[in-house]
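Everything on this sheet refers to the single structure shown next.
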Amino acid sequence: DSAHTDHVTIQNYKRNVLRTPANNKIRLDDERGKEHIKVSTEYGGKSQLNLGHLVDARKQQRGEGFELRTDMWGAVRAKKGIFISADTQDKAQGQVREMAPAMAILDGAQSQMKSLSTDAQTANADPADLSSQIALLQQSVKDLTQAAILLSAPKGVAIASGEHLQLAASKNLIANAGNHADIGVVKNMFIGVGQALSVFVRKAGIKLFANKGAISVQAQNDLMELLA
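What follows is the structure, given as structure tokens:
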């Protein structure tokens, strides 16, 4: 600011800083191999956008890439959709919404579900609702033609919560696994179904064990059919 000028010396001539009296700041550093940009404000603590070679107040490296952080609340909002990806796109080449790796995985999952659903229907089990899955991919997710969020990573996605985790869908909930699906519950597990429950196994059978306690199976208002 006009009252506290930043003197240009041999130590900082590669750095340009725009600072206000309230310490709102834009800093650009051109030192080769340590290029970075920082945009920050101290309202409510600190809110910052850091790009490139990330450093602390002592100019010591604390990371690389980008960091958007705040001591207040944060929100990301896009009316037409959001694509978050860890898939490679070197040196900003290609289209912004390039999502071929993610769509390949989703298309493969759809094919697997179709194959299992066809076999289940042949065995007189209820098939999957494939039309909803196809509509989601083709009418919303692909190229974000409708307001959707696509999250993609080639080596895995993990979600952790110190307390509760909720997944909610007003219509269909779709889950696909190309190998195993494991669910572990330390205490109780409740599954409630409003209409029908269909379980189909293609090859290796079904095993149901209770280490302690009885197994109770009831058909309360109709017949029970067991066929072999």
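Residue numbering for the sequence shown follows the UniProt record's numbering, beginning at 1 and increasing consecutively.
Backbone N, C-alpha and C fix where the C-beta goes; we use that ideal spot for every residue, glycine too.
Residue i, enclosing alpha helix (DSSP H) - first and last residue
| i | result |
| --- | --- |
| ILE134 | 130-135 |
| THR122 | 100-122 |
Rounded distance between the beta-carbons of residue j and residue i, thought under 8 Å
| i | j | result |
| --- | --- | --- |
| ALA135 | MET113 | Incorrect: roughly 13 Å between the Cβ atoms, too far for contact. |
| THR70 | SER47 | 4 Å |
| LEU51 | ILE37 | 4 Å |
| SER115 | LEU130 | Rounded, the Cβ-Cβ distance is 11 Å, inconsistent with contact. |
Residue range of the unbroken beta strand (DSSP E) whose run includes residue i
| i | result |
| --- | --- |
| LEU49 | 47-55 |
| ASN16 | 15-19 |
| SER198 | First-last for SER198: undefined, no H or E at that position. |
Neighbourhood of residue i by C-beta distance below 6 Å, restricted to the same chain and skipping five residues each side
| i | result |
| --- | --- |
| residue 229 | Past the edges of the chain, shown from 1 to 228, lies residue 229, and the structure says nothing about it. |
| ARG15 | ASP29 |
Residues bridged to residue i (per DSSP)
| i | result |
| --- | --- |
| GLU67 | ASN50 |
| ILE37 | LEU28, LEU51 |
| LEU150 | PHE83 |
| GLN61 | VAL55 |
Proximal residues to residue i (C-beta, below 8 Å), its chain only, five neighbours per side dropped
| i | result |
| --- | --- |
| GLY108 | GLY178 |
| LEU165 | ILE159 |
Closer than 6 Å: residue i CB and nearest the ligand FMN heavy atom
| i | result |
| --- | --- |
| HIS53 | With respect to the ligand FMN, the structure offers nothing, as it holds no ligand at all. |
Segment contact flag, the region 142-156 with the region 190-201, C-beta cutoff 8 Å, min 3 pairs | Counting Cβ pairs under 8 Å, fewer than three are found: no touch.
Cβ pair count under 8 Å reaching 3, the region 64-84 against the region 144-152 = yes
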